[in-house]
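Listed in order, the protein sequences are those of chains D and R. Residue numbers for the first sequence follow the numbering used here, so the first one is 127 and each next one is one higher. Residue numbers for the second sequence follow the numbering used here, so the first one is 233 and each next one is one higher.
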Amino acid sequence: MNEAVSVREQKMSVLILRRFFKHKLAGAAIAVILLLALASIFAGLNPYSPTDQNPTNSFERPNGTHWFGTDELGRDVLSRILYGGRVSLAVGLLSTFLSIVLGIVVGALSGYFGGWTDSILMRITDAFLTFPTIFVLIILGAFLREQQLFILQNSIFVVVVIIAALSWMWPARLVRGLFLVLREKEFVTASRAMGGNSLRIIVRHILPNCVGPILVSGTLQMAAAIITESGLSYLGFGVQPPTPTWGSILSTAQNQIFRAPWLGFFPGFMIFITVMAINYIGDGLRDAFDPYVIHTER
Amino acid sequence: MGTYALRRILQTIPILFIISILLFIMVRSAPGGPLTAARRNPNISKEQIEAIEEKLGLNDPLPVQYGRWLGDMLNGNLGESIKFRRPVSDMIGERIPNTLALVGAAFFVTLLLAIPIGIWSARKPYSMFDYAMTTITFIGQAIPVYWLGLGLIVVFYVILKNPFTGDPLFPVGGMNSRGMEGDPLDTLWHLVLPVTALSLGWIAWYSRFLRSSMLDVLHEDYIRTARAKGLVERWVYYKHALRNAILPLITLIALDLPSLFAGALFVETIFSWPGMGRLFWDAAKGRDYPVLLGVVMITAVLIIVCNILADLAYGWFDPQVKYE
Numbered sequence: 127m128n129e130a131v132s133v134r135e136q137k138m139s140v141l142i143l144r145r146f147f148k149h150k151l152a153g154a155a156i157a158v159i160l161l162l163a164l165a166s167i168f169a170g171l172n173p174y175s176p177t178d179q180n181p182t183n184s185f186e187r188p189n190g191t192h193w194f195g196t197d198e199l200g201r202d203v204l205s206r207i208l209y210g211g212r213v214s215l216a217v218g219l220l221s222t223f224l225s226i227v228l229g230i231v232v233g234a235l236s237g238y239f240g241g242w243t244d245s246i247l248m249r250i251t252d253a254f255l256t257f258p259t260i261f262v263l264i265i266l267g268a269f270l271r272e273q274q275l276f277i278l279q280n281s282i283f284v285v286v287v288i289i290a291a292l293s294w295m296w297p298a299r300l301v302r303g304l305f306l307v308l309r310e311k312e313f314v315t316a317s318r319a320m321g322g323n324s325l326r327i328i329v330r331h332i333l334p335n336c337v338g339p340i341l342v343s344g345t346l347q348m349a350a351a352i353i354t355e356s357g358l359s360y361l362g363f364g365v366q367p368p369t370p371t372w373g374s375i376l377s378t379a380q381n382q383i384f385r386a387p388w389l390g391f392f393p394g395f396m397i398f399i400t401v402m403a404i405n406y407i408g409d410g411l412r413d414a415f416d417p418y419v420i421h422t423e424r
Numbered sequence: 233m234g235t236y237a238l239r240r241i242l243q244t245i246p247i248l249f250i251i252s253i254l255l256f257i258m259v260r261s262a263p264g265g266p267l268t269a270a271r272r273n274p275n276i277s278k279e280q281i282e283a284i285e286e287k288l289g290l291n292d293p294l295p296v297q298y299g300r301w302l303g304d305m306l307n308g309n310l311g312e313s314i315k316f317r318r319p320v321s322d323m324i325g326e327r328i329p330n331t332l333a334l335v336g337a338a339f340f341v342t343l344l345l346a347i348p349i350g351i352w353s354a355r356k357p358y359s360m361f362d363y364a365m366t367t368i369t370f371i372g373q374a375i376p377v378y379w380l381g382l383g384l385i386v387v388f389y390v391i392l393k394n395p396f397t398g399d400p401l402f403p404v405g406g407m408n409s410r411g412m413e414g415d416p417l418d419t420l421w422h423l424v425l426p427v428t429a430l431s432l433g434w435i436a437w438y439s440r441f442l443r444s445s446m447l448d449v450l451h452e453d454y455i456r457t458a459r460a461k462g463l464v465e466r467w468v469y470y471k472h473a474l475r476n477a478i479l480p481l482i483t484l485i486a487l488d489l490p491s492l493f494a495g496a497l498f499v500e501t502i503f504s505w506p507g508m509g510r511l512f513w514d515a516a517k518g519r520d521y522p523v524l525l526g527v528v529m530i531t532a533v534l535i536i537v538c539n540i541l542a543d544l545a546y547g548w549f550d551p552q553v554k555y556e
C-alpha cells in the first residue's frame, strides 16, 4: 500500500513540474534566477576584486575590461554587483524561509485549534500588520546594531531576522485560512478516529495539502524581501559597508549622479530583473498548482 | 451605521493595546535613554543620578511606567526631540499635511489611471491592449520605487533640459523653488516627479487586480440579464459590473496602506520632500529615538483610522453589507 502511495506522489510532482514549464515565461525566469545565482556564487572567478580601489581610473564608462564601468573609487562595478548579489539573494531566501516557517506555526495553531488561541494570535497578527514595516525595520536595525552582543552586529544576520519578524503575518493568515477549511475534511476526521494526535494531523495530513499556496505566496514574499533589503541598504540601515549589496551600490551611485549618471543603472536593474523573474516563477507555480486552470495542450 | 462605526472602533482597542505594548518595549530598549549624557559626566555623582532616576520614575515597576507613558501618548505628548529640543508632536504636525498631499496626489493619479486600464483590459481580455498592459504592469510591479525615482531624476533633471532656458526640465528638491514659497502652482510642478515615482507601481498593481475582479464579475447572471434587457455595453460595464468589481479593491487598498506609507518614505527621501518620511529618515541618521517612535506611532494610528474608513466605505458601496 505504501508503495502505491509513493508512486502516486511521484506522478503528482511530475505533473506539476510539467504544468509549470508549460508557462514559458516561468521557465525562462527559472533560467534567469539560476544564472544570477551561479554568477554570484562564482563571483570569485571575476578577475577584479569588489573592494580594490584604483583612484586613477575612477568613473570609467562600461567598456571591454570593466563591463559595467568603475565607480568613484575605481572599483569594478560588475564585481561589486556579483558579490552584492550573494548578499541580496541570500538575505531574500533566508528571510523568506524564516518568515514562512514562523507563519506556518502561527497559522496552523490558529486555524487548527480556533477559539481563544485563534483570537489571541490573530489580534497579534493584525497589530503587526498595521505597523508601517519599513519604519520599524529602520528603528530595529538601528537598535540592534548598538547592542553589545557580537552576533547582533553582524548586519546580514540582523537584516534577515528583522525582515522575517515583520513579514510572517501574510503566510500566517494564508495558512490559517487553509487550515480552517481543511480541518473540517473527512480525512482529518478519519485520522482522528484512528487515534492520530493533533501534531500528526497538522504535520502529516493537513500541511502537505497547503504546499501549493504556500509556495506561491513564498515567491511573493521573496520578491518583497529582496526589495525591502535593497531599500534598507539603500537608505543606509541595512547591510553595512564594506559588504556590497545592490541597495548600497545604488545608494553610492546616487551621490555621483552628475558625474556618472550610468552608475545607478546596473544595481537597480539587477533588483528589477530578479524581482520580475521571481514574480513570473510565482505566476507559473500558481498555474501549476491550480487544478482549475484549463490547459489547452495535452 | 452609527453603532457599526462604534463597534468597529471598539474592535481596534485590543489591536491598539498590543501595538502600544510593542512600542513601549521599543521605547524602553532604545539605546541611550535620557540619562546617558549625565552618566558620562564625571561631575555628576552616582547618588545624583539615582535621585534623577527616582524623580523621573525610572525605578517604578514596569506596568506603572507603561501606564504613565500611555497617558502621555493619549494627551498628545510624544516626548521631545533629542536633537532639536522641540516637542515631537509639533515636528510631526508640521510634516503630516505634506505627506498627505504627496500620498493623496499619487493616489488620485493612481485611481484615475488604474480604473480605466483595469476596465479596458477586462473588456477585451487577451487583446493587444490587454497584453501590452499585462507586460507593463509586470514591469511596474517589479521596479523598486527608489530606482524609479533615481531614474526620473537622471532623465528629467540631469539629462533633459528646457530648450528655452537651459534649466532642468522638472525640479527635484523640496516643495517650492526659492522665492515661490506657498505658491500652489509651483508646488504642483514639484509634485510631478515624486508622484510619478510613487504611483507607477500602484497603477500596475491595482489595474491588474481590477482586471481580474472585473473578469470574475462579468460571468455573473445579472450581467447577462442586463445585456438581455438591451442595456448599452458602456452602462453594463461602468454601472453594473464596476460597482461590484471595485469592492474587493477597497479592502485591498486598506490592507496595502502600510506599504503606501513605506513608498512615501523612499520618495520623500529621494526628492527631499519635507514630509514625515523625510523627517523619519533624518531622525534615523541622527538616532533621534523620540522622533522615530513618534512617527511610527502616528503612522500606525493613521493606518488604523484609514482601515476603519475603508470598512465604512465598503458598506456605502455595497448595500448587501448589513450593520447590525
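We put the CB at the ideal spot given by N, CA and C, even for glycine.
Contact under 9 Å by Cβ, residue i with residue j
i        : j        : result
Arg240/R : Leu544/R : yes
Ile314/R : Arg466/R : no
Ile349/R : Leu442/R : yes
Gly394/D : Trp505/R : no
Leu143/D : Ala414/D : yes
Pro261/R : Ser353/R : For the sequence presented, residue 261/R should be read as Ser rather than Pro. It is not a contact, given that the beta carbons lie outside the stated cut-off.
Pro357/R : Leu481/R : no
Ser225/D : Phe305/D : no
Gly233/D : Val301/D : yes
Pro403/R : Leu384/R : no
Trp296/D : Ser343/D : yes
Asp488/R : Trp437/R : yes
Leu164/D : Ala403/D : no
Ser205/D : Ala253/D : no
Val468/R : Ala458/R : yes
Val337/D : Val217/D : no
Straight-line Cα distance separating residue j from residue i
i        : j        : result
Trp193/D : Asp202/D : 8 Å
Ser445/R : Thr191/D : 51 Å
Thr428/R : Val320/R : 30 Å
Arg412/D : Ile347/R : 25 Å
Thr315/D : Leu341/D : 26 Å
Tyr298/R : Met138/D : 55 Å
Tyr389/R : Thr369/R : 25 Å
Leu345/R : Arg318/R : 41 Å
Gly517/R : Pro367/D : Here the sequence assigns Lys to residue 517/R, which means Gly is not the residue at that position. Distance between the alpha carbons of Lys517/R and Pro367/D: 15 Å.
Glu556/R : Ser221/D : In this prediction, Glu556/R has a pLDDT of 48, which is less than 50 and means its spatial position is unreliable; what the coordinates show is noted afterwards. Computed Cα separation, rounded: 42 Å.
Ile159/D : Ala152/D : 10 Å
Arg326/D : Gly241/D : 20 Å
Gly322/D : Met529/R : 46 Å
Residue environment, residue i, which counts as buried when at least 16 other CB atoms sit within 10 Å
i        : result
Pro329/R : exposed
Phe257/D : buried
Ala157/D : exposed
Ala473/R : buried
Asp178/D : exposed
Asp416/D : exposed
Leu497/R : buried
Pro522/R : buried
Glu355/D : buried
Asp197/D : buried
Thr378/D : buried
Arg456/R : exposed
His451/R : exposed
Asp322/R : exposed
Met407/R : buried
Leu392/R : exposed
Arg145/D : buried
Ile251/R : buried
Val259/R : buried
*Run through the segment 446-533 of chain R for me and flag every whole alpha helix (DSSP H) of 4 or more residues, listed as ranges in chain order.*
453-460, 474-477, 479-502, 508-517
*Let me know the alpha helix (DSSP H) ranges lying completely inside the segment 269-315 of chain R, each 4 residues or longer, listed in chain order.*
278-288, 294-306
*asked:* Just to confirm the assignment: which complete beta strand (DSSP E) runs, minimum length 3, are found wholly within the segment 379-450 of chain R?
replied: none
*Between the segment 280-289 of chain D and the segment 259-268 of chain D, are three or more C-beta pairs nearer than 8 Å?*
yes
*Would you mind listing the alpha helix (DSSP H) stretches within the segment 313-374 of chain R that are 4+ residues and don't spill past its ends, in chain order?*
320-355, 360-374
_Given 8 Å, three or more beta-carbon pairs between the segment 372-379 of chain R and the segment 430-438 of chain R_ = yes
*Touch check for the segment 366-385 of chain D and the segment 203-216 of chain D: three-plus C-beta pairs under 8 Å?*
yes
*Any chance you could list the alpha helix (DSSP H) runs of at least 4 consecutive residues sitting entirely within the segment 250-332 of chain D, in chain order?*
259-271, 276-279, 281-291, 295-308, 312-319
*Closer than 8 Å, Cβ to Cβ, to anything on chain B: give me those residues from the segment 444-472 of chain R, in chain order.*
In the displayed structure, chain B is absent; the protein chains listed are D and R.
*Could you tell me whether the segment 523-533 of chain R touches the segment 357-367 of chain R, using the rule of 3 or more Cβ pairs below 8 Å?*
no
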